[in-house]
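Read the structure below first, then the notes.
Residue numbers (this note's numbering): 2 to 341.
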């Protein structure tokens with residue numbers, strides 16, 4: 002009898018800890034049953050491709066969440082990077098160039114410029130949070146609004162005004178839209194970029210002192226400070242790295258779509274935070290893994306793509322995503338409370 006009770010308790014605990022995954026798996030199974038074609042290789046490649054830039058954004062936000070913070074400005078930084086990189090990478094013969102006299106630049110130059118710009122804003126976020134002790138929610142909310150204003154001023158410039166920045170150079174579109182041909186399928190470079198950044202972040206989190214400090218600060222900032230960790234410095238560095246990741250992701254979004262506006266990246270931060278939580282990153286800090294973040298992003302992308310594939314109304318998709326976010330956060334908070 003005790004053995005049966007123990008088994009039931011173990012099963013109940015497992016279901017409680019993994020209820021969000023069970024729900025999402027059932028949802029995916031339902032999509033596949035409704036449309037078996039959903040599992041085609043073409044669809045899977047599309048899902049991976051669309052997930053790639055989101056994974057890079059989520060990795061940036063995940064580091065901040067592990068610190069015990071948050072970042073609401075990520076999406077607007079993605080938009081800023083997209084607009085800056087697109088404006089500097091327009092084809093030389095394009096009639097509506099933002100900078101008519103600017104020669105075609107080497108691809109890496111505008112990408113680095115965009116990353117440095119967003120890295121600067123990320124550093125500023127970390128400085129405000131660590132030095133002025135402004136709650137991350139408020140600090141990054143203010144930054145989100147400010148960055149959107151800056152992006153809009155830059156974007157809405159005479160003589161062409163607020164129209165999408167297009168006419169991108171061939172090198173830029175190749176960088177973001179092309180891929181490697183394997184058999185009858187083409188695997189986009191975007192997937193390779195996501196893999197490379199995932200490996201870099203995994204090494205940083207697991208094999209460097211910065212990663213150890215990040216987890217220590219998220220687990221208990223006071224204990225980390227007592228043990229000799231420079232809390233403010235590490236917070237600033239993690240926010241700066243997040244800003245750099247947003248910048249690269251923004252350039253990928255501009256190249257992937259083929260244009261950029263001041264609304265590029267809007268609400269991306271909420272999707273990324275939700276994906277992180279679904280992937281096991283605790284909002285309470287100190288817990289999270291790179292594979293978990295990737296899994297969370299892929300789960301959300303499968304749901305988005307699957308529901309769209311079935312022709313489900315976008316409004317219903319918002320409801321489903323909202324419910325997933327609420328459930329994921331609720332169970333994360335309950336698990337954290339139980340550990341305490």
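Don't be surprised by glycine CBs; every beta carbon is placed ideally from N, CA and C.
Check: Meets three-Cβ-pair contact criterion under 8 Å: the stretch 27-36 and the stretch 212-227; Outcome: no
Check: Residue 196: first and last residue of the uninterrupted beta strand (DSSP E) it sits in; Outcome: No beta strand (DSSP E) holds residue 196; the alpha helix (DSSP H) holding it covers 190-208.
Check: Closest Cα partner of residue 185 within the set 330, 43, 240 and 82; Outcome: 43
Check: Minimum length 4: unbroken alpha helix (DSSP H) runs contained in the stretch 117-159; Outcome: 137-156
Check: As assigned by DSSP and simplified to three states, the class of residue 2; Outcome: Caution is warranted here: a pLDDT of 47 is assigned to residue 2, below 50, making its placement in the model unreliable, and the coordinate value is therefore given only provisionally. In the structure shown, residue 2 sits in coil (DSSP, three-state: anything other than H, G, I, E or B).
Check: Distance between residue 235 and residue 228 (C-alpha atoms, nearest Å); Outcome: 14 Å
Check: Buried or exposed (CB count within 10 angstroms, at least 16 for buried), residue 69; Outcome: buried
Check: Beta-carbon proximity check, residue 265 vs residue 96, cutoff 8 Å; Outcome: no
Check: Coil, strand or helix - residue 186 by DSSP; Outcome: strand
Check: Residue 206 to residue 126 span [Cα, whole Å]; Outcome: 20 Å
Check: C-beta contact flag for residue 108 and residue 173 at 8 Å; Outcome: yes
Check: Separation of residue 167 from residue 103, as counted between CA atoms; Outcome: 15 Å
Check: Other residues of its chain near residue 202: CB distance less than 6 Å, five sequence neighbours each side excluded; Outcome: 60 and 291
Check: At least 3 beta-carbon pairs within less than 8 Å: the stretch 252-264 vs the stretch 131-138; Outcome: no
Check: CA-to-CA distance, residue 45 to residue 310, given in whole angstroms; Outcome: 12 Å
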